[in-house]
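Only one structure is covered here, and it is reproduced in the block below.
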Amino acid sequence: MAGVLGRDQRNSGRRIVNFENWFEIATKNIAESELPKIRNELEAHVFDAINVHQQTGISTLEAEEKAVLELGDPKIAARGFQREYLTREQVRRFMPEPAKHIWVKMMICMAFSGLVLLALWDVKIRYPTLLHAFTLYFGGTSIFLWVAMLFDSIQRRLLQRYCAIPGVASLIAVEYLTLAFSILVWFFYIPEPFKIPLWACLAMMTFLVGGMTCVEIPLLRKLRA
Amino acid sequence: MNLKGSLPALILETLTRGPSHGYEIAQTIKRKSAGVLDFKEGTLYPALHSLERDGLISASENLENGRTRRTYTLTEKGLKNLAEERQQWQAYSGAISGILGGAS
Chain A
7 MAGVLGRDQR NSGRRIVNFE NWFEIATKNI AESELPKIRN ELEAHVFDAI NVHQQTGIST
67 LEAEEKAVLE LGDPKIAARG FQREYLTREQ VRRFMPEPAK HIWVKMMICM AFSGLVLLAL
127 WDVKIRYPTL LHAFTLYFGG TSIFLWVAML FDSIQRRLLQ RYCAIPGVAS LIAVEYLTLA
187 FSILVWFFYI PEPFKIPLWA CLAMMTFLVG GMTCVEIPLL RKLRA
Chain B
13 MNLKGSLPAL ILETLTRGPS HGYEIAQTIK RKSAGVLDFK EGTLYPALHS LERDGLISAS
73 ENLENGRTRR TYTLTEKGLK NLAEERQQWQ AYSGAISGIL GGAS
């Protein structure tokens, strides 16, 4: 499209309306991942229109200008696109790159390993040495982190293929459920004074994660297509 | 005349004639309205994708002259929705005609 429809072309001082400029304005705030499918379809549309207009004997550039004018005001089209497709802002807020939320995983891992250590401290190993504690805490964290990474790549694949597990809230929800399950498995071994605060934390976290996931639900509609 | 709000119904109606792609749908609507409806083709695609998400139309992609083209087909759900839209429109336009028609 760029060959015929390059940017900022001028003809005798008159600015030629072209597809590239139109597309840039219409999709200004749309997420990168959404652009190819919009572009493919609109390009096919404009090419059809150019072919039809050229049959009336006008030049390719004039035909393109006419075809683009028929698309209408790109700012109006932009409103429609923003309603239907993920915007850059939504991607930034709800679907950050895994590297950006690695700290969440780290915290979960640390917390999980800490709980394991706590449980073992009380029940299995009464007086662990510093080496025991170090091995358990960081060894456990590393293993859990590795599993989380593996899980993350599976999530990304699911996201790309099926648009499942759409955002960071859902991601946290999934990992939180894993963590909550792990805690419940170890619950029997957790010392008595920690049990009630732990229940309270679990309840609060469930409420919070549930709320965050609900915020993402409007995005699901956009992700379904 | 502005198409605001009626575009999805017009798209569904156009697709009752068979599967079609965006440009063809736009041209059919323009031709059938004899230029009366102010229809900007750039607004067609968000509407098409919205209908697709709602399951009222389905899309298939095929390669044509080296370009990916999406062809849309009306679904059963879309057909039912169109019947409801038609009914509502007839009731609405009948009511308006009843008032404006009698005003002269």
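Chains A and B supply the protein sequences, listed in that same order. If you want this note's numbering, it's the position in the first sequence, counting the first as 1, plus 6. If you want this note's numbering, it's the position in the second sequence, counting the first as 1, plus 12. C-beta: ideal position from N, C-alpha, C; glycine also. Everything numeric in this text was worked out from a predicted model, so none of it was measured.
Chain A contact for residue i (CB, 8 Å cutoff)
i	result
Gly-34(B)	yes
Pro-58(B)	yes
Ser-62(B)	yes
Gly-54(B)	yes
CB-CB length for residue i against residue j, believed under 8 Å
i	j	result
Leu-112(B)	Gly-90(B)	Rounded, the Cβ-Cβ distance is 31 Å, inconsistent with contact.
Glu-90(A)	Pro-58(B)	4 Å
Thr-55(B)	Gly-78(A)	6 Å
Arg-79(B)	His-33(B)	Incorrect: roughly 11 Å between the Cβ atoms, too far for contact.
Glu-40(A)	Leu-92(A)	6 Å
Thr-66(A)	Ile-82(A)	Actually they do not touch by this definition, with Cβ atoms about 26 Å apart.
Glu-76(A)	Glu-53(B)	5 Å
Leu-63(B)	Pro-20(B)	6 Å
Val-74(A)	Val-23(A)	5 Å
9 Å Cβ cut-off: residues of chain B touching residue i
i	result
Asn-46(A)	Glu-73, Arg-79, Thr-80, Arg-81, Arg-82
Ala-32(A)	Gly-54
Lys-59(A)	Checking the sequence shown, residue 59(A) turns out to be His, not Lys. Residues of chain B passing the Cβ test: none, with the nearest at roughly 12 Å.
Closer than 8 Å to chain B by CB, residue i
i	result
Glu-76(A)	yes
Asp-54(A)	yes
Phe-87(A)	yes
Lys-106(A)	Per-residue confidence for Lys-106(A) stands at a pLDDT of 48, beneath the threshold of 50, marking its modelled position as unreliable; the derived number appears in the next sentence. So, not an interface residue.
Pro-80(A)	yes
Tyr-168(A)	Note that Tyr-168(A) scores a pLDDT of 48, beneath 50, so its modelled location is shaky; the value from the coordinates is reported in the next line. It does not: the Cβ of Tyr-168(A) has no partner Cβ on chain B nearer than 8 Å.
Pro-102(A)	Any answer about Pro-102(A) is weak, because its pLDDT of 49 lies below 50 and its placement is not dependable; what the coordinates show is given next. Pro-102(A) does not count as touching chain B.
Gly-9(A)	Residue confidence for Gly-9(A) is low, a pLDDT of 42 falling below 50, so the modelled location carries little weight and cannot support an answer.
Ala-83(A)	yes
Beta-carbon gap between residue i and residue j smaller than 8 Å
i	j	result
Ile-108(B)	Leu-60(B)	no
Phe-25(A)	Glu-70(A)	yes
Ala-37(A)	Arg-94(A)	yes
Tyr-84(B)	Ala-103(B)	no
Ala-84(A)	Lys-43(A)	no
Neighbour list for residue i in chain B, Cβ cutoff strictly below 8 Å
i	result
Ala-69(A)	Correct list: empty, because the minimum Cβ distance to chain B is about 14 Å.
Glu-49(A)	Arg-79
Residue i: contacting residues in chain B (beta-carbon distance under 7 Å)
i	result
Ala-37(A)	Within chain B, no residue comes near Ala-37(A); the closest Cβ sits about 14 Å away, beyond 7 Å.
Glu-234(A)	Because chain A here runs from 7 to 231, residue 234(A) falls outside it and cannot be looked at.
Just checking, does the segment 204-216 of chain A make contact with the segment 39-51 of chain B on the three C-beta pairs under 8 Å criterion?
-> no
Kindly confirm or deny that the segment 21-31 of chain B and the segment 47-63 of chain A touch, where touching means at least three C-beta pairs closer than 8 Å.
-> no
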